[in-house]
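Student: Note that full-length UniProt numbering has the sequence shown beginning at 1, numbered continuously upward.
Every residue gets a Cβ at the ideal spot worked out from N, C-alpha and C, and that includes glycine.
What follows is a single structure, and I will ask about it in a moment.
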Amino acid sequence: MKNFKDLFETYHWDEAKESIYSKTKNDVEQALNSPKRTLEDFKALVSPAAAPYLEPMAQLSHRLTQKRFGKTVQLFIPLYLSNECTNICTYCGFSLDNKVKRRTLTENEILQEVAVIKKMGYEHVLLVTGEANQTVHVEYFKKVLKLIRPFFAQVSMEVQPLDTDEYTELIPLGLTSVLVYQETYHKADYRKHHPKGKKSSFDYRLETPDRLGRAGINKMGLGVLIGLEDWRTDSFFTALHLHYLERTYWQTRYSLSFPRLRPFSGGLQPKMEMNNRELVQLICAYRLFNEELEISLSTRETEQFRNHCVPLGITSISAGSRTNPGGYAVEPGSLEQFEISDERSSLEIAEMIRAKGYEPVWKDWDKVLQ
Ligand code: SF4
1 MKNFKDLFET YHWDEAKESI YSKTKNDVEQ ALNSPKRTLE DFKALVSPAA
51 APYLEPMAQL SHRLTQKRFG KTVQLFIPLY LSNECTNICT YCGFSLDNKV
101 KRRTLTENEI LQEVAVIKKM GYEHVLLVTG EANQTVHVEY FKKVLKLIRP
151 FFAQVSMEVQ PLDTDEYTEL IPLGLTSVLV YQETYHKADY RKHHPKGKKS
201 SFDYRLETPD RLGRAGINKM GLGVLIGLED WRTDSFFTAL HLHYLERTYW
251 QTRYSLSFPR LRPFSGGLQP KMEMNNRELV QLICAYRLFN EELEISLSTR
301 ETEQFRNHCV PLGITSISAG SRTNPGGYAV EPGSLEQFEI SDERSSLEIA
351 EMIRAKGYEP VWKDWDKVLQ
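The following block contains the structure:
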């Protein structure tokens with residue numbers, strides 16, 4: 001296969017869904033006992049039939065995570081640079097049709113934000129923007145990377161999907177990883193939720209991880225927005241994507257996160273709710289399927305739930321996050337992309353991690369090692 005799209009087009013959503021929902025107790029037990037789990041095993045582990053097996057799944061997930069990652073949890077923080085966006089996404093507070101004040105941080109404002117973030121102890125930062133070609137384009141990203149690289153050990157980006165040669169230009173400036181969520185692998189529903197703007201092209205987004213892999217990115221993050229479609233089927237397609245990417249771009253590391261639809265100004269109701277037990281099931285299913293995968297949990301989740309998840313398979317966590325440009329120093333009261341649930345500071349989160357017998361990791365890489 002030359003790219004994931006070719007592989008994806010050999011699958012059908014309804015067939016995959018039916019196959020997941022027809023998995024039995026025996027399929028789940030076979031998946032649990034298998035030394036190397038397949039995509040069919042993953043389907044069994046995310047199926048309703050696996051619900052009664054949550055405890056053995058959690059124990060196994062805990063053991064596998066500790067074997068590969070030790071007792072560590074990495075800390076990172078998002079830095080929102082801009083809420084300008086030319087797309088309409090039905091679930092986002094920054095959507096073009098949402099009449100909010102728009103701003104893109106200047107270099108001076110970015111440095112003010114960085115100063116606050118550094119005081120919190122962070123070495124890993126995730127830069128976030130909306131998708132607005134006129135303002136937050138490759139030249140802007142280049143400028144920002146040059147500006148902030150001296151302050152951080154790792155810089156990740158969650159911005160508009162770019163072309164391969166654009167990623168190739170950004171990587172030497174210190175870009176270590178890129179997050180690009182497909183939102184949903186259900187093509188018709190994707191169109192419904194992305195009616196306008198560049199993001200309305202399902203295929204361009206679907207092919208982004210291939211472009212990142214060709215550019216030689218160190219790490220990429222995948223995921224879907226849970227609540228847009230059937231989460232079990234969407235998770236299967238994410239696992240399929242991951243499986244393909246790992247075999248094609250084997251030098252790249254991969255991470256996953258599980259954003260659940262959160263309230264925002266003008267909010268969309270989830271098509272399918274996912275409860276906390278189901279999210280634990282999903283985290284464990286991914287860990288059992290892939291021992292190398294980095295798994296991240298954001299401040300969308302509640303304090304209690306995040307505390308509970310630390311030993312189950314999570315390898316990175318954000319804290320003290322603001323989801324609005326200028327949220328740390330420049331304009332704390334501006335509109336957030338979504339509401340956060342866990343309001344604890346970075347030090348409180350680090351303390352919680354320590355109390356569970358784990359080590360909070362602020363930095364696991366230095367550019368002198370490159
Ligand atoms: S999800 Fe991203 S692309 Fe869509 S409206 Fe929000 S910021 Fe823009």
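1. Tell me the rounded alpha-carbon separation between residue 372 and Tyr91.
2. Just checking Ser321 against the ligand SF4 - is the residue's beta carbon closer than 6 Å to any of the ligand's heavy atoms?
3. I'd like to know whether the C-beta atoms of Ala285 and Leu45 end up nearer to each other than 7 Å.
4. Sorry if obvious, but does the Cβ on Lys199 come closer than 6 Å to a heavy atom of the ligand SF4?
5. Which same chain residues end up closer than 6 Å to Leu179 when comparing Cβ atoms and leaving out the 5 residues on each side of it in sequence?
6. Excluding the 5 residues flanking Ser34 on each side, which residues of the same chain have their C-beta closer than 7 Å to its C-beta?
7. Roughly how many angstroms lie between the CA atoms of Ser265 and Ile117, to the nearest whole one?
8. Excluding the five sequence neighbours on either side, which residues of its own chain have a C-beta within less than 7 Å of the C-beta of Asp342, listed in chain order?
9. Closest to Asn290 by C-alpha separation, out of Arg260, Tyr254, Phe237, would be which residue?
10. How about residue 388 and Arg287: do their beta carbons lie closer than 7 Å?
11. Ignore the nearest five residues each way along the sequence and tell me which others in Thr129's own chain have a CB closer than 7 Å to its CB.
12. Which of the three DSSP states, helix, strand or coil, is assigned to Glu113?
13. On the criterion of 16 or more Cβ atoms from any shown chain inside 10 Å, does Pro78 qualify as buried, or is it exposed?
14. Compute the minimum distance between the beta carbon of Ser95 and the heavy atoms of the ligand SF4, and state whether it is under 6 Å.
15. From what residue to what residue does the beta strand (DSSP E) around Ser156 run?
16. Taking Ser316 as the reference, give the member of Val138, Ala115, Leu206, Lys363 with the closest Cα.
17. Would you say Glu123 and Arg102 are within 7 Å of each other, going by their C-beta atoms?
18. Among residues of its own chain, excluding the 5 on either side of Lys146, which ones have a beta-carbon nearer than 7 Å to its beta-carbon?
19. Tell me the DSSP bridge mates of Pro172?
20. Is Lys5 closer than 7 Å to Leu206 when the C-beta atoms are compared?
Tutor: Walking through what the data contain:
1. In the structure displayed, the chain extends from 1 to 370; residue 372 sits before or after that span and is not available.
2. no
3. yes
4. yes
5. Glu158, Gly221
6. Asp41
7. Low per-residue confidence applies at Ser265: pLDDT is 49, beneath 50, and the placement is therefore not dependable, though the value from the model is reported in the following sentence. So the two alpha carbons sit approximately 26 Å from each other.
8. Thr299, Glu301, Thr302, Glu303, Arg306
9. Tyr254
10. The displayed coordinates of the chain run from 1 to 370. Any statement about residue 388 would go beyond what the structure contains.
11. Leu81, Ser82, Val136, Val159
12. helix
13. buried
14. yes
15. 154-158
16. Lys363
17. no
18. Leu173
19. The partner list for Pro172 (beta bridge, DSSP) is empty, contrary to what the question assumes.
20. yes
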